[in-house]
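**Student:** Residue numbers (my numbering): 139 to 228.
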């Protein structure tokens, strides 16, 4: 048997109680002034860019490490091949 959802309603006529009730939807988290909202937005964007930059740097360093390892491996194979060719020729 399903129960229907009924939101809680505070039975009060006191304006002060209504303005500070806990069921008020997040009004206290959003600043009133446009400058404050802009500052919060810019701060958030700055943090996001820092995270993206750190992630990109880690990817760049990982790719550079893979290229160095591959280059070292190929150089070792080339030197071994050249040494084998010199041994056969000489």
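All residues carry an ideal CB built from backbone N, CA and C; glycine is no exception.
1. Is residue 181 helix, strand or coil by DSSP?
2. Could you check what DSSP says for residue 170 in three-state terms: helix, strand or coil?
3. Taking the straight line between their C-alpha atoms, what separation do you get for residue 186 and residue 194?
4. Between residue 203 and residue 217, what straight-line distance do the alpha-carbon atoms span, to the nearest angstrom?
**Tutor:** Based on what the coordinates show:
1. As a first step, residue 181 is located in the chain shown; it is residue number 43 there, counting from the start. Shown here, residue 181 sits in a helix according to DSSP, grouped into three states.
2. To locate residue 170, count along the chain shown from 1; it is residue 32. The answer is coil: DSSP assigns residue 170 none of H, G, I, E or B.
3. Position 48 of the chain shown holds residue 186. Position 56 of the chain shown holds residue 194. Each residue's Cα considered, the two are about 12 Å apart.
4. The count along the chain shown starts at 1 and reaches residue 203 at position 65. The count along the chain shown starts at 1 and reaches residue 217 at position 79. About 21 Å.
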